[in-house]
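Quick note: the sequence shown uses UniProt numbering, first residue 1, plus one each step. Glycine included, C-beta positions come from ideal geometry on N, C-alpha and C. Keep in mind that this is a model prediction, so the values were computed, not measured. Shown next, in structure tokens, is the structure this report addresses.
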Amino acid sequence: MGLFGKNGRAKSKQSTTTLIADGCFITGELRLETDIQVDGEVQGKIQAEKTLIISPSGHLVGDGYAKLVIVNGRVEGALHAEAVEILRHGAVSGTIFTDDLSIERGGKFNGETLPYAVDGDNAPSHESISESIDEQDGDNRD
């Protein structure tokens, strides 16, 4: 077993949030079983099982998938969620796939909205995210 194998991980019952700090720049695909808050910049795809938060200093260029997406920074791309909230400092340019969209006074949205389909092409299965993460853990074993 490798140092970072799945068997060596202790499962936490507490909720955790992954933070991409202000000043960090990440390119690629992130898949998480927890919440994520973006204070820095991500170019690519974020798939979170729970909540995706883009803070006032945060910037996402790409696609975001989560049960809930809260935007108080900038998003350029597509958002796929059961609910999307654009707060007063938030700006989204692109397509939002949701059935529950709220835009606070001062929030900006330039694009189109389409229905959120849990089993459709525009929404990932949350089970598939977990399975994919578990499969990748298996690849890291020695």
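Pop quiz: residue i and residue j are said to be a contact at Cβ under 8 Å. What is the actual Cβ separation, rounded to whole angstroms?
i, j, result
"Gly-73", "Ser-93", "Not confirmed; about 12 Å, so no contact."
"Val-38", "Ile-53", "7 Å"
"Gly-77", "Val-61", "6 Å"
"Tyr-65", "Ile-46", "7 Å"
Do you know how far the Cα of residue j is from the Cα of residue i?
i, j, result
"Arg-31", "Gly-106", "30 Å"
"Glu-85", "Lys-108", "11 Å"
"Phe-25", "Pro-115", "31 Å"
"Leu-79", "Thr-95", "6 Å"
"Glu-82", "Asp-99", "6 Å"
"Leu-19", "Thr-51", "12 Å"
"Asp-22", "Ala-117", "33 Å"
"Ile-103", "Arg-88", "8 Å"
"Glu-33", "Ala-48", "6 Å"
"Glu-29", "Lys-67", "17 Å"
Leaving out the 5 sequence neighbours to the left and right, which residues in its chain are closer than 6 Å to residue i when beta-carbon positions are compared?
i, result
"Val-71", "Ile-54, Ile-86, Gly-90 and Val-92"
"Thr-27", "Gln-43 and Gly-44"
"residue 194", "Since the first and last residues shown for the chain are 1 and 142, residue 194 lies out of range."
"Asp-63", "Lys-45, Gly-77 and Ala-78"
"Val-69", "Leu-52, Leu-79, Ala-81 and Val-84"
Can you list, in chain order, the residues of its chain with a C-beta nearer than 8 Å to that of residue i? Leave out the 5 residues immediately preceding and following it.
i, result
"Thr-113", "Thr-95, Ile-96, Phe-97, Thr-98 and Leu-101"
"Gly-111", "Val-92, Ser-93, Gly-94, Thr-95 and Ile-96"
Near residue i, which residues of its chain fall below 7 Å by C-beta distance, leaving aside the five closest residues on each side in sequence?
i, result
"His-59", "Glu-41, Gly-73 and Arg-74"
"Gly-120", "Bear in mind that a pLDDT of 48 at Gly-120, under 50, signals an unreliable position, so the number given afterwards is only what the model happens to contain. No residues qualify anywhere along the chain."
Check your understanding: Whole alpha helix (DSSP H) runs in the segment 26 to 89 with 4 or more residues, listed along the chain?
Key -> none
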